[in-house]
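**Q** Read top to bottom, the protein sequences are chains A and B. Positions 1 to 453 (my numbering) are the ones given, in order, by the first sequence. Positions 1001 to 1242 (my numbering) are the ones given, in order, by the second sequence. Positions of the beta carbon are idealized from the N, C-alpha and C atoms, including for glycine.
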Amino acid sequence: MIIVNSIAVGLKEIWAHKVRSLLTMLGIILGVASLVGMAAIIKGMENGMKEAMIAMGGVDKVLTQNQSVPAWQDHLADQAPGKTMVDVMALKSSAPLLRLVSPEMALDDVTLSRGDKRADYSECVGVWPAVLEMNLHTLEHGRFFNDLDEELARPVCVIGTGIRDELWGKPSETGREVIPVGDTLLISGQPFVVVGMFQEYMGEQESKERARAAAQPPGARDAGGPKRQKGWGRRGGWAFWRKNHTIYMPLNTAWIRFRSAGRGDGIPDPRLTDIDIKVADFNRLEDAIQQARNVMLLTHQGIEDFTFETQENQIENINKQIKNARLSGGFIAGISLLVGGIGIMNIMLASINERVREIGICKAVGATGFNIFLQILIESAVLAVIGGFMGLVVSELFVDLIGVLTPSQNTPVITRNAELVAVAFSAMVGVVAGIIPAIKAARFSPIEALRYE
Amino acid sequence: MALLELRNVSKIYHLGGEEIRALDDVSLDIDGGEFVSIIGPSGSGKSTLMHILGCLDTPTCGTVTLDGIEVQRATATQLAQVRNRKIGFVFQFFNLLPKLNVVQNVELPMIYAGVSGRQRREQALHALELVELGNRLKNRPSQLSGGQQQRVAIARALVNNPRIIFADEPTGNLDTHTGEVILALFRKLSQEGRTVILVTHNPEIAAVTPRRIEIRNGKIAEKVDARLAGLDRVSAAATAGP
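1. The stretch 1087 to 1114 of chain B: which residues have C-beta closer than 7 Å to a C-beta of chain A, in chain order?
2. Using alpha carbons as the reference points, say which of ASP1029/B, LYS1138/B and ALA1080/B lies closest to ILE1220/B.
3. When the cut-off is 8 Å and only beta carbons count, does ASN353/A lie next to chain B?
4. So with CB distances below 7 Å, who are the chain B contacts of GLU358/A?
5. Give me whichever residues DSSP pairs with ILE322/A in a beta bridge.
6. I want to see whether chain C comes within less than 8 Å of LYS18/A, judged by CB atoms only; does it?
7. Counting only Cβ pairs nearer than 8 Å, list the residues of chain B close to PHE370/A.
8. Do the stretch 57 to 67 of chain A and the stretch 299 to 317 of chain A touch if we need at least three Cβ pairs shorter than 8 Å?
9. Out of curiosity, what's the CA-to-CA distance linking GLY142/A and VAL195/A?
10. Using only the alpha-carbon positions, how far apart do ARG1121/B and ASN1105/B sit?
11. Would you list the one or two residues that DSSP bridges to ASP999/B?
12. Checking 8 Å against the spacing of the C-beta atoms, do ILE1164/B and LEU1189/B come in under that value?
13. Going straight from the alpha carbon of LEU112/A to that of MET85/A, what length do you get?
14. Would you mind telling me which residues of chain A sit closer than 9 Å to ARG1149/B, beta carbon to beta carbon, in chain order?
15. Would you call ALA1240/B buried or exposed, if buried means 16 or more other Cβ atoms sit within 10 Å of its Cβ?
16. Does the Cβ of LEU23/A have 16 or more other Cβ atoms within 10 Å, making it buried, or fewer, making it exposed?
17. Going by other Cβ atoms of all chains shown within 10 Å of its Cβ, with 16 needed for buried, is HIS75/A buried or exposed?
18. What three-state label does DSSP hand ASN5/A in the structure shown?
19. Which residues, in chain order, does the stretch 1032 to 1057 of chain B contribute to contact with chain A at a C-beta distance below 7 Å?
20. Determine the closest residue to GLN205/A out of SER445/A, GLY330/A and GLY48/A, with distance taken between C-alpha atoms.
21. Where GLN314/A and SER68/A are concerned, what is the direct C-alpha to C-alpha distance, given to the nearest angstrom?
22. Helix, strand or coil for ASP269/A per DSSP?
23. For the putative contact between VAL1199/B and ASP1168/B, defined by C-beta atoms under 8 Å, what is the C-beta separation to the nearest angstrom?
24. Would you mind reading off the limits of the beta strand (DSSP E) that contains VAL127/A?
25. What residue range does the alpha helix (DSSP H) around PRO1203/B cover?
26. Answer with buried or exposed for VAL393/A, where buried requires no fewer than 16 other C-beta atoms within 10 angstroms of its C-beta.
27. Is VAL339/A near the ligand HEM, going by C-beta to nearest heavy atom under 7 Å?
28. Hey, how far is the Cα of TRP15/A from the Cα of ILE386/A?
29. Any contact between the stretch 92 to 99 of chain A and the stretch 266 to 275 of chain A? By contact I mean 3 or more CB pairs, one from each, below 8 Å.
30. Which two residues bound the contiguous alpha helix (DSSP H) that contains HIS141/A?
31. Return the first residue and the last residue of the alpha helix (DSSP H) that GLU358/A is part of.
32. With 7 Å as the limit, tell me which residues of the stretch 1008 to 1033 of chain B have their beta carbon closer than that to any beta carbon of chain A; keep them in chain order.
33. Looking at the C-beta of ASN1161/B, does it have a partner C-beta in chain A at a distance below 8 Å?
34. In chain A, what lies closer than 9 Å to ASN1084/B by C-beta?
35. Residues of chain A with CB closer than 9 Å to the CB of GLN1081/B, please, in chain order.
36. Do LEU383/A and ILE344/A have their C-beta atoms within less than 8 Å of each other?
Spelled out as structure tokens, the structure:
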């Protein structure tokens, strides 16, 4: 009863001093807006990082990396075999904790061309079909390699849409989607037949933008001035660019047509660039890695010229970064909320000094000190909560503004949680800020208060 | 036992080392249903007496018993509850809350008494009917005349159905005619059986009450019978003379 009434009186008090209340609330409004905005930016970053993470092959992918032999094996360094097909065969047959083993033989200095056009590529690799699942590729057109292609080292390839865009033209330029399956391109001068093409990979944000652009009438599309390079820190965007600019050929093709001739020195180089593995059971990741390690130590005659890198490290990194960003962002926004709280305390102190007589009357008709205390506290909290809700509105605008000023792959995402925390925190700030004025008001002696002019 | 009992009550203030006895060893009984005026010039201690009688203040020494409650021992919260349930105040400057309308002002004591919303409204309307202001419910105090404001204040004092009504110079800010209307209202309340205590410096107003308590320099000076009051004034006028 008294609480409802106090809220009503509080609202009346706020309404009676509109400008003053608004100025007081400004601190809270900005504090909440920056808290929610900060959380939204960080959430956007997180989403972008996770998307990129998945674009790179998901969390259960384990990379085998070269490493220089440990110091105590220094004398064996020249015998280090590097990763070869021997390892792949051994892993496939002797490591049951692994689900997938995907060898990759990358070609470094090739050129991709068709007619007078040349294309950039992210990786031009000889692979097994296992790579599809390993790198989470989806074949949209044509087919992937079969055993015969592998066996006969046929000059066939599967490309990403990025390479199609550069050699055959983008759908947005040619006006139709070119599907170059059956067409020929040159890899370092050797003709290869394109047998398949992946789907186009893009982040959530980009696909939204595409959909928006498609909904607009043609002609309005490019009205937005020169195109800008998008992508924050080249993280999310980079991962998708990379995936779209992939070109795969059968492993055997890469070996026979390129690597067996050596890398410019005429000495055949059978070493694989990568052996990526996926474990059967993510919960037994450590065991699986240990098993793979045992197998590979055998094939490497005990020379430890390899190591495993799990995406867990990456996830840990991502989480650490996000945690740091959250902490520092939250701290800064918290300070601005605190400043808002001090503003409220200031105004409440001024307000009770103006209302000494009013408080005296209330006490004369029977208000206890606690009633008055509650009244002032609630007024202060109401002020802060209204400020908090206004701050939520401002934060929407704020996030939109950020989106316009710095377009990026990682659009800020306002989360309900952040909003809840911000409003709760502002209410708390309001209550805390109200305590001192409320105690002061509750202590007024009724006679003094009534005499006060 | 009397409704209000004061026994050897003193209120002492210290101002810069100097001791001021606003009330000096006052003993006094007021019975339920009495219509009493406390009269005295300004600075005589009558306001202090009213504050102590009205539980707005506690005495330095001595005992005050109000309806069986020992006021000098009560906590601030208990005093607030006593003021809320047993006492109604009417002030010289009306002391209505300017931001609330008439009904809300009258409802205020009931909010602190924890009365439910509907009952509050009913009782407030009833109290306002008593002071003949049933038609100005939604007005703000600033939209009312002085007399109307004072009637709202009286309605507020009545609304919790208290045993005692204190009026501190209730006509001090009103013209003579309005003042008489207000005094008539108090007389009516007294006739209905309420204890009404008028505090004033004006002997003419004190003259309306059957019992008068005169305060001078913090002490009760004399008790004057109402029937003699008129004569008093006549003789005072005669001796003052030109």
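**A** Well, looking at it:
1. Cβ proximity to chain A below 7 Å picks out PHE1089, ASN1095, LEU1097, LYS1099, LEU1108, PRO1109, ILE1111, TYR1112, ALA1113 and GLY1114 from the stretch 1087 to 1114 of chain B.
2. Here the closest residue by C-alpha is ASP1029/B.
3. No - not a single Cβ of chain B is within 8 Å of the one on ASN353/A.
4. Think of a sphere of 7 Å around the beta carbon of GLU358/A: the chain B residues whose beta carbon falls inside it are LEU1097, in chain order.
5. Residue pairing by DSSP places ILE322/A in no beta bridge whatsoever.
6. Looking at the structure shown, chain C is missing, and the protein chains on hand are A and B.
7. Ordered by position in chain B, the residues that pass the 8 Å Cβ test against PHE370/A are THR1077.
8. Of all C-beta pairs linking the stretch 57 to 67 of chain A to the stretch 299 to 317 of chain A, three or more are shorter than 8 Å, placing the two stretches in contact.
9. Approximately 6 Å, taken between the alpha carbons.
10. Roughly 11 Å separates the two Cα atoms.
11. For residue 999/B there is no data in the structure shown, the boundaries of chain B being 1001 and 1242.
12. Between ILE1164/B and LEU1189/B, the C-beta spacing is not below 8 Å.
13. One C-alpha to the other measures close to 26 Å.
14. Here the sequence assigns Gln to residue 1149/B, which means Arg is not the residue at that position. By Cβ distance, chain A contributes nothing, its closest Cβ being about 13 Å from GLN1149/B, past 9 Å.
15. Residue placement at ALA1240/B cannot be trusted, given a pLDDT of 49 that sits under 50; the coordinates are not used to answer.
16. By the neighbour-count rule (16 or more Cβ atoms within 10 Å), LEU23/A is not buried but exposed.
17. A residue is called buried when at least 16 other Cβ atoms come within 10 angstroms of its Cβ; HIS75/A does not meet this threshold and is exposed.
18. Helix at ASN5/A.
19. Answer set for the stretch 1032 to 1057 of chain B: HIS1051, LEU1056 and ASP1057.
20. Per the Cα distances, GLY48/A.
21. Those two C-alpha atoms are separated by around 22 Å.
22. ASP269/A falls in the coil class under three-state DSSP.
23. Contact between VAL1199/B and ASP1168/B holds: CB atoms are separated by about 5 Å, below the 8 Å threshold.
24. Its beta strand (DSSP E) spans residues 123 to 127.
25. Note, PRO1203/B: alpha helix (DSSP H), 1203 to 1206.
26. VAL393/A counts as exposed, since fewer than 16 other beta carbons sit within 10 angstroms of its beta carbon.
27. Ligands displayed in this structure: none; no statement on the ligand HEM is therefore possible.
28. TRP15/A and ILE386/A: Cα-Cα distance of roughly 12 Å.
29. Below 8 Å, too few C-beta pairs join the stretch 92 to 99 of chain A and the stretch 266 to 275 of chain A to call them touching: fewer than three.
30. Unbroken run through HIS141/A is the beta strand (DSSP E), 139 to 142; no alpha helix (DSSP H).
31. The continuous alpha helix (DSSP H) containing GLU358/A extends over residues 356 to 364.
32. Listed in chain order, the positions of the stretch 1008 to 1033 of chain B with a beta carbon within less than 7 Å of a beta carbon of chain A would be empty, since no residue qualifies.
33. With its beta carbon at least 8 Å from every one in chain A, ASN1161/B lies outside the interface.
34. Correct list: VAL365, GLY366, ALA367 and THR368.
35. Ordered by position in chain A, the residues that pass the 9 Å Cβ test against GLN1081/B are GLY366 and THR368.
36. Yes, Cβ-Cβ distance for LEU383/A and ILE344/A is below 8 Å.
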